[in-house]
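Asker: Shown below is the structure under consideration.
2 protein chains.
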Amino acid sequence: MQPLRSSQRLAQRMLSCSQGRISAYRSQYRQYTQLSNSPLDNPAAKASAIEGAASDTPSAQETSPSNGATHKVMTIRRPLGARKAYYMLTGGVRIGTRLFEPVLLRDACTCSMCVDPSSTQKNFQTTDIPPNIDIKSQKTLSNGDVRIKWKNDLPGFGADHVSVFSGEFLHPSSDYTSVDIPKPLLKARAWNAEMIKEDIHFLNYEDYMASDETFNRALSELVKNGILIVQGVPNSEQSVEDVAGRFGNIRDTFYGKTWDVRSVPDATNVAYTSRYLGLHMDLLYMANPPGFQLLHCLKNSAQGGSSLFADALFAARGLSPEDIHTLSQATIAYQYKNAGEHYYYQHPVIESAKRSTFGLPSILNINYSPPFQAPYLKHSAQAVSLLKRNSALRNFAERVENPANVFEYKMQEGDCVIFNNRRLLHGRTAFSAVGGERWLKGTYVDSDVVESRVRVFRERFGTEKLQRDERDKSEEVSSTA
Amino acid sequence: MQPLRSSQRLAQRMLSCSQGRISAYRSQYRQYTQLSNSPLDNPAAKASAIEGAASDTPSAQETSPSNGATHKVMTIRRPLGARKAYYMLTGGVRIGTRLFEPVLLRDACTCSMCVDPSSTQKNFQTTDIPPNIDIKSQKTLSNGDVRIKWKNDLPGFGADHVSVFSGEFLHPSSDYTSVDIPKPLLKARAWNAEMIKEDIHFLNYEDYMASDETFNRALSELVKNGILIVQGVPNSEQSVEDVAGRFGNIRDTFYGKTWDVRSVPDATNVAYTSRYLGLHMDLLYMANPPGFQLLHCLKNSAQGGSSLFADALFAARGLSPEDIHTLSQATIAYQYKNAGEHYYYQHPVIESAKRSTFGLPSILNINYSPPFQAPYLKHSAQAVSLLKRNSALRNFAERVENPANVFEYKMQEGDCVIFNNRRLLHGRTAFSAVGGERWLKGTYVDSDVVESRVRVFRERFGTEKLQRDERDKSEEVSSTA
Numbered sequence: 024m025q026p027l028r029s030s031q032r033l034a035q036r037m038l039s040c041s042q043g044r045i046s047a048y049r050s051q052y053r054q055y056t057q058l059s060n061s062p063l064d065n066p067a068a069k070a071s072a073i074e075g076a077a078s079d080t081p082s083a084q085e086t087s088p089s090n091g092a093t094h095k096v097m098t099i100r101r102p103l104g105a106r107k108a109y110y111m112l113t114g115g116v117r118i119g120t121r122l123f124e125p126v127l128l129r130d131a132c133t134c135s136m137c138v139d140p141s142s143t144q145k146n147f148q149t150t151d152i153p154p155n156i157d158i159k160s161q162k163t164l165s166n167g168d169v170r171i172k173w174k175n176d177l178p179g180f181g182a183d184h185v186s187v188f189s190g191e192f193l194h195p196s197s198d199y200t201s202v203d204i205p206k207p208l209l210k211a212r213a214w215n216a217e218m219i220k221e222d223i224h225f226l227n228y229e230d231y232m233a234s235d236e237t238f239n240r241a242l243s244e245l246v247k248n249g250i251l252i253v254q255g256v257p258n259s260e261q262s263v264e265d266v267a268g269r270f271g272n273i274r275d276t277f278y279g280k281t282w283d284v285r286s287v288p289d290a291t292n293v294a295y296t297s298r299y300l301g302l303h304m305d306l307l308y309m310a311n312p313p314g315f316q317l318l319h320c321l322k323n324s325a326q327g328g329s330s331l332f333a334d335a336l337f338a339a340r341g342l343s344p345e346d347i348h349t350l351s352q353a354t355i356a357y358q359y360k361n362a363g364e365h366y367y368y369q370h371p372v373i374e375s376a377k378r379s380t381f382g383l384p385s386i387l388n389i390n391y392s393p394p395f396q397a398p399y400l401k402h403s404a405q406a407v408s409l410l411k412r413n414s415a416l417r418n419f420a421e422r423v424e425n426p427a428n429v430f431e432y433k434m435q436e437g438d439c440v441i442f443n444n445r446r447l448l449h450g451r452t453a454f455s456a457v458g459g460e461r462w463l464k465g466t467y468v469d470s471d472v473v474e475s476r477v478r479v480f481r482e483r484f485g486t487e488k489l490q491r492d493e494r495d496k497s498e499e500v501s502s503t504a
Numbered sequence: 024m025q026p027l028r029s030s031q032r033l034a035q036r037m038l039s040c041s042q043g044r045i046s047a048y049r050s051q052y053r054q055y056t057q058l059s060n061s062p063l064d065n066p067a068a069k070a071s072a073i074e075g076a077a078s079d080t081p082s083a084q085e086t087s088p089s090n091g092a093t094h095k096v097m098t099i100r101r102p103l104g105a106r107k108a109y110y111m112l113t114g115g116v117r118i119g120t121r122l123f124e125p126v127l128l129r130d131a132c133t134c135s136m137c138v139d140p141s142s143t144q145k146n147f148q149t150t151d152i153p154p155n156i157d158i159k160s161q162k163t164l165s166n167g168d169v170r171i172k173w174k175n176d177l178p179g180f181g182a183d184h185v186s187v188f189s190g191e192f193l194h195p196s197s198d199y200t201s202v203d204i205p206k207p208l209l210k211a212r213a214w215n216a217e218m219i220k221e222d223i224h225f226l227n228y229e230d231y232m233a234s235d236e237t238f239n240r241a242l243s244e245l246v247k248n249g250i251l252i253v254q255g256v257p258n259s260e261q262s263v264e265d266v267a268g269r270f271g272n273i274r275d276t277f278y279g280k281t282w283d284v285r286s287v288p289d290a291t292n293v294a295y296t297s298r299y300l301g302l303h304m305d306l307l308y309m310a311n312p313p314g315f316q317l318l319h320c321l322k323n324s325a326q327g328g329s330s331l332f333a334d335a336l337f338a339a340r341g342l343s344p345e346d347i348h349t350l351s352q353a354t355i356a357y358q359y360k361n362a363g364e365h366y367y368y369q370h371p372v373i374e375s376a377k378r379s380t381f382g383l384p385s386i387l388n389i390n391y392s393p394p395f396q397a398p399y400l401k402h403s404a405q406a407v408s409l410l411k412r413n414s415a416l417r418n419f420a421e422r423v424e425n426p427a428n429v430f431e432y433k434m435q436e437g438d439c440v441i442f443n444n445r446r447l448l449h450g451r452t453a454f455s456a457v458g459g460e461r462w463l464k465g466t467y468v469d470s471d472v473v474e475s476r477v478r479v480f481r482e483r484f485g486t487e488k489l490q491r492d493e494r495d496k497s498e499e500v501s502s503t504a
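Just so you know, the protein sequences line up as chains A and B, in that order. If you use our numbering, the first sequence corresponds to residues 24 to 504, in order. If you use our numbering, the second sequence corresponds to residues 24 to 504, in order.
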């Protein structure tokens, strides 16, 4: 059982790792190809010749920054009185009438020497860009693109290396990325019970599975309302996996890929009447709770047993800035210590992006699940005072649980509800299984998987903008409720 | 295809959600039982009578805080000049010679009324604890436990409700939780190449699978070094799942539950010689990159093709406090837009806990994977200036890639390496498949899963403390390398 130390076994197989080897490896960067189907690769990758491989030039020497850019510090007032110094560019390289930082531009080059066309991997490292890199020449093409040649380019990139940037990329409003930066809840329409009763969408199972337009609608609904219901789902234990499979791979947990919420009728045993189940989120005792949950109703002939949903985003948006700040700082611990597992994690109640957008706090996720709370830590282990934290938490809980904000819906056989587990709380009213049966089958999908699908479908179908009047309405209700 | 609005379908099945209903639900909290095998439940849960259910008292009225605790603000100097106000308790309820905050104590009660014994769910909400709760009586028992009865207890908890706290729980050094707060990298021994060559552990497959002592050793090695090698793994495509299965469920991704890194010999095609693969971490374009990676070597008769590993924690610990701060603030975006997927996420290079421990930054994860970097965002979208960020990143990259810090090991058939993907970078030297073959099969396991297993095994086998001399050695090398 005693494991052998490496020195006893390594001697004959360890290759010496001499100084300078890594640099030698690095000079091969722009040549390497990756052919396997590992996560490092495009599964469909094929070997491809890389342009310009025969024209390497000697490495440029790194020098201290001297590219002509000068910076001045500007202090910007931020919400809640915090101040932060930002650097404002007042120099740099000039393209047309505007100024750019050469290092950022060089880093963004996506030519086939810089980014492998088949694997989409980057063939150089940001840290290898010489700080004194500069533009040697530039030319605006007829289509508005700008072609740039470099002075003091990266080691291994010769005079033939040319970067081309689109007019869109260079536009003042561009932040150098085409990606919708993850801020899913910013695009959400926070709802109370009245609003969601009017707006919840029901999609037909056949359409959802077969039509990309319908599935795109489902994605939009999940971004906006964080909940939708697929109807007419076949009465099979496999179905919930099929519905989830539209997004991508399922999130497996120690509960299994899918799991059952089931009661069996037995009038003689009071235990088989299931009571009210308080509003909660699932699996907050993990660092990465599942982003989305699916519940497929296989049977619901019981009396009672309605599903409850509450939008924590609606509750959070109506809080005072002070309470939002407190709940962003204060963490609550969740724990599951049972049945051979011991999960434990502390989350802030409100997870915000570092920077706010348009003055609104950029809420990314909300974490609140009272039944799974671990004991509070002693106040000295917390960044926020107990009184402040409890007061903010009470204001938040009152809004979450306010009946005017709780959507109640009795699931029918064939319904599959899909909802955001990092935004909505869910629960269930009491029910009696006398003469009836209630059986839901559930599964999870990670936010990462759903967000990838959202991006791919947006690129295909275009972004669905929120109606301006809907957004206004949402903000109005949030601020007064 | 056009989905029907809720109002068209909901009318007949929507139950009215009247004011006050939630309060009524809530009064049932301490009575509800949960019988299914859903994630809300202990899979082995059985219905159980709950003590004291017949002795409810009317709700206490909430009043303003008046439990005798007074607070004064103390300003503590923190690293990097930041200051934060903490509240120091100078009042509260007295137990023995010490003072406690009644709300925290009440929240921590784990009696069978407060926490369901079978599901381990909490039966009340923190926000329902009246701020004026106080201790009615206390008694120290012969075993050192303290038994407390409450004044102004939670609604629904009668005079028979008694809380018992152990002497250990009430000890001044207790932070009210028995859990090892997630700070995995704090217990790590950061290594350079020389250190890991001496200390990497090889475990026998049969022992690893069959002996809990050996598996406990594996867990300790993963906490300490972040890497180990299991030897003698059967030459089957199923084996890597078996090795991973010791931790719990596998993390499925769009690459599949397991995936192949494979080259096929074909001397006529230069593409089938795989080149150097730069140091990287996997799947940083997800919000939740997998915590651990397994690679099982099925074939390695190729020339070259050694595996490379570098400990980013070693690199980070040797940085200046300013660089650590910069890399905790600066985010780098990662992207995978290929083959019908579009993943994108921004991570800080160094993910730290909010509070430092013993003056050391509490590094939780490190995120650095140059080949998958998305274009830098424009500087105005970043909290840290470009010059500062690039300088810190260059210092970090130089340390990560320093050959003295890179461990090189040629995997043998039957080896399965397990390593921390949020701490170590990995790569591969070039190899020629002429006359040989290289085939690794890989999979992932989430940090959550591994950490649960670590807690369960620690409770069983006790904590393995780092040898004091090892820790000293590690810190010494870190600070001078």
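Virtual Cβ for every residue (Gly too), placed ideally from N, Cα, C. Predicted, not measured: the structure shown is a model, and the values here were computed from it.
1) For A/P257 and A/G437, what's the separation of their Cα atoms in angstroms?
2) Taking the Cβ atom as the reference point for each residue, do A/L331 and A/E191 lie within a distance shorter than 8 Å?
3) Determine, for A/A339, whether the minimum Cβ-Cβ distance to residues of chain B falls below 8 Å.
4) For B/K360, which residues in chain A fall below 7 Å Cβ to Cβ?
5) To be precise: take each residue of the segment 168-192 of chain A, compare its Cβ to all Cβ atoms of chain B, and keep it if any distance is under 8 Å. Which residues remain?
6) Note down, in chain order, each residue of its chain lying with its Cβ closer than 8 Å to the Cβ of B/G167, except the 5 sequence neighbours on either side.
7) Would you identify the three-state DSSP class for A/P153, choosing helix, strand or coil?
8) What does B/T281 pair with, by DSSP beta-bridge criteria?
9) Have a look at A/P398, A/K174, A/P178 and flag the residue whose alpha-carbon is nearest the alpha-carbon of A/T148.
10) Can you say whether B/Q144 is buried or exposed, counting buried as having 16 or more other CB atoms within 10 angstroms of its CB?
11) Would you kindly work out how many angstroms separate the C-alpha atoms of A/V138 and A/N146, rounded to a whole number?
12) According to DSSP, what are the bridge partners of A/G327?
13) Assign B/A211 to one of two classes, buried (16 or more other C-beta atoms within 10 Å of its C-beta) or exposed (fewer than that).
14) Look at the alpha carbon of B/P125 and the alpha carbon of B/N155, and state the distance between them as a whole number of angstroms.
15) Distance check for A/K247 and A/E217, CA to CA, integer angstroms please.
16) From the DSSP output, in three-state form, read off A/Y231 for me.
17) Cα-Cα, which of B/V477, B/N323, B/C439 is closest to B/N227?
18) Does the beta carbon of B/D471 sit closer than 8 Å to a beta carbon anywhere in chain A?
19) Strictly below 9 Å CB to CB, what residues from chain A border B/R10?
20) Can you tell me which of A/I347, A/V187, A/D471, A/F395 puts its alpha carbon nearest to the alpha carbon of A/Y308?
21) Does any CB atom of chain B fall closer than 8 Å to the CB of A/G485?
22) Thinking B/V473 and B/L193 are a contact (beta carbons under 8 Å), I'd like their distance in whole angstroms, please.
23) Which residues in chain B sit within 9 Å of A/M136, going by Cβ to Cβ distance?
24) Could you have a look at B/I223 and say whether DSSP puts it in helix, strand or coil?
25) Do we get a CB-CB distance below 8 Å when we pair B/N65 with the residues of chain A?
26) Less than 7 Å between C-beta atoms, sequence neighbours within five positions excluded: which residues of the same chain meet that for A/F484?
27) By the criterion of Cβ-Cβ separation under 7 Å, what are the contact partners of A/G271 in chain B?
28) Between the C-alpha atoms of A/T150 and B/K322, what's the straight-line distance to the nearest angstrom?
29) For the alpha helix (DSSP H) that contains A/N428, what are its first and last residues?
30) State the DSSP-derived secondary structure class of A/Q254, mapped to helix, strand or coil.
31) Over what stretch of residues does the alpha helix (DSSP H) that includes A/V169 continue unbroken?
32) Just to confirm, are B/I373 and B/L350 a CB contact at a threshold of 8 Å?
33) Could you tell me whether the Cβ of A/F454 comes closer than 8 Å to any Cβ of chain B?
34) Checking 8 Å against the spacing of the C-beta atoms, do B/L127 and A/Y399 come in under that value?
35) Sort A/L410, A/C134, A/R129 by Cα distance to A/K159 and report the nearest one.
36) CA-CA distance, A/V284 and A/G450?
Answerer: Answer, in terms of the structure:
1) If I take the Cα positions, the gap works out to 6 Å.
2) Judged by their CB atoms, A/L331 and A/E191 are not nearer to each other than the 8 Å cut-off.
3) False, the Cβ-Cβ gap to chain B never drops below 8 Å.
4) From the beta-carbon of B/K360, the residues of chain A found nearer than 7 Å are T143.
5) For the segment 168-192 of chain A, which is checked against every Cβ of chain B, not one residue is closer than 8 Å.
6) Around B/G167: S189, G190.
7) Three-state result, A/P153: coil.
8) DSSP, once it has assigned bridges, lists B/T466 as partnering B/T281.
9) One point to set straight first is that residue 148 of chain A is Gln, not Thr, in the sequence displayed. A check of alpha carbon separations from A/Q148 across A/P398, A/K174, A/P178 identifies A/P178 as the nearest.
10) B/Q144 is classed as buried because its beta carbon has at least 16 other beta carbons within 10 Å across all chains shown.
11) Roughly 6 Å separates the two Cα atoms.
12) Beta-bridge pairing links A/G327 to A/F454.
13) Around the beta carbon of B/A211, 16 or more other beta carbons lie within 10 angstroms, which makes this residue buried.
14) So the two alpha carbons sit approximately 9 Å from each other.
15) Computed Cα separation, rounded: 16 Å.
16) If DSSP states are grouped into helix, strand and coil, A/Y231 belongs with the helices.
17) The candidate whose alpha carbon is nearest that of B/N227 is B/C439.
18) Yes, its Cβ sits closer than 8 Å to a Cβ of chain A.
19) For residue 10 of chain B there is no data in the structure shown, the boundaries of chain B being 24 and 504.
20) Nearest of A/I347, A/V187, A/D471, A/F395 to A/Y308, Cα basis: A/F395.
21) No, its Cβ sits nowhere closer than 8 Å to a Cβ of chain B.
22) Going by Cβ atoms, the distance from B/V473 to B/L193 rounds to 32 Å, so no, they are not a contact pair.
23) Near A/M136 there are no residues of chain B at all, since even the closest Cβ is about 14 Å away, more than 9 Å.
24) Here B/I223 sits in coil by DSSP.
25) At B/N65, the pLDDT of 39 sits below 50, so the modelled position is not reliable and the matter cannot be decided from this model.
26) Here the set comprises N239.
27) Within chain B, the residues whose beta carbon sits less than 7 Å from that of A/G271 are F277, listed in sequence order.
28) Rounded to whole angstroms, A/T150 to B/K322 spans 35 Å at the Cα level.
29) Segment: none, A/N428 is in no alpha helix (DSSP H) and carries neither H nor E.
30) In the three-state reduction of the DSSP assignment, A/Q254 falls in the strand class, which pools E and B.
31) Membership of A/V169 in any alpha helix (DSSP H) is not indicated; the residue belongs instead to the beta strand (DSSP E) covering 169-174.
32) It is a contact, given that the beta carbons lie within the stated cut-off.
33) Not closer than 8 Å to any Cβ of chain B, the Cβ of A/F454 fails to qualify, so no.
34) Contact check for B/L127 against A/Y399 passes: the beta carbons are separated by less than 8 Å.
35) Nearest to A/K159 by alpha-carbon distance, out of A/L410, A/C134, A/R129, is A/R129.
36) Using only the alpha carbons, I get a separation of about 12 Å.
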